[in-house]
Amino acid sequence: MSLSRPLLSVLAAVSLLAPVSHAAAQAAMPVTELGAGMYRIEAEVAATQENRMVGLMQRRSMAANHGMLFVFTEAQRHCMWMKNTLLPLSVAFMDEEGRILNIEDMQPQTENNHCAARPARFALEMNLGWFKQKGFGPGTRIAGVDKLAGSAR
Numbered sequence: 069m070s071l072s073r074p075l076l077s078v079l080a081a082v083s084l085l086a087p088v089s090h091a092a093a094q095a096a097m098p099v100t101e102l103g104a105g106m107y108r109i110e111a112e113v114a115a116t117q118e119n120r121m122v123g124l125m126q127r128r129s130m131a132a133n134h135g136m137l138f139v140f141t142e143a144q145r146h147c148m149w150m151k152n153t154l155l156p157l158s159v160a161f162m163d164e165e166g167r168i169l170n171i172e173d174m175q176p177q178t179e180n181n182h183c184a185a186r187p188a189r190f191a192l193e194m195n196l197g198w199f200k201q202k203g204f205g206p207g208t209r210i211a212g213v214d215k216l217a218g219s220a221r
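If you're matching positions, the sequence shown starts at 69 in the numbering used here and goes up one per residue.
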């Protein structure tokens with residue numbers, strides 16, 4: 069018997085547990101209501117390093133007008149990627165007041181960077197095309213985001 073069989077068993081077990089740990093991290097995220105024009109957004113809040121790292125990984129669907137708000141500890145030119153993310157998404161990078169700086173469209177399972185055009189304090193991921201469909205772009209303010217600045221850890 070070679071060592072490859074036990075090693076394969078361990079690797080298989082680890083790969084089965086990875087989605088469970090993602091699900092646990094996602095389940096622990098609080099939900100907040102944001103506003104954009106006449107639209108209400110139900111956003112999970114990724115305010116810890118662990119939650120920001122997991123994000124929307126392994127999700128197969130997301131309801132309309134739902135998203136994930138990433139709250140960063142400080143304004144920087146943050147970047148996002150789509151490793152292990154199954155949904156096509158649009159991300160709006162925002163300043164400390166919740167004003168959109170730029171919006172990037174992201175395809176599933178890709179590892180190229182999508183970055184803030186200027187230092188951003190927040191990023192809001194929504195289903196692909198959501199911002200464009202609603203007529204939102206740079207300068208649009210997402211209400212309620214600014215109240216969460218102190219929640220980043």
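Even glycine gets a Cβ: it sits at the ideal position worked out from N, Cα and C.
**Prompt:** Between the Cα of N152 and the Cα atoms of Q177, G205, L137, G166, which residue gives the shortest distance?
**Reply:** N152 has its Cα closest to that of Q177, out of Q177, G205, L137, G166.
**At least three beta-carbon pairs within less than 8 Å, the stretch 192-211 to the stretch 135-149** = Cβ pair count under 8 Å is three or more, so yes.
**Item:** Start and end residues, alpha helix (DSSP H) containing E118
**Value:** 117-122 is the span of the alpha helix (DSSP H), which, as asked, contains E118.
**Asked** For the candidate residues A114, N133, A132, whose alpha-carbon lies nearest to that of L124?
**Response** Each of A114, N133, A132 was checked against the Cα of L124, and the nearest Cα belongs to A114.
**Prompt:** Since K202 contacts A111 with CB under 8 Å, what's their CB separation in whole angstroms?
**Reply:** Between K202 and A111 the beta-carbon gap is near 15 Å, outside 8 Å, which marks them as no contact.
**Request:** Look at the Cβ atom of T116, then the Cβ atom of A220, and state whether they are nearer than 9 Å.
**Result:** T116 places its beta carbon less than 9 Å from that of A220.
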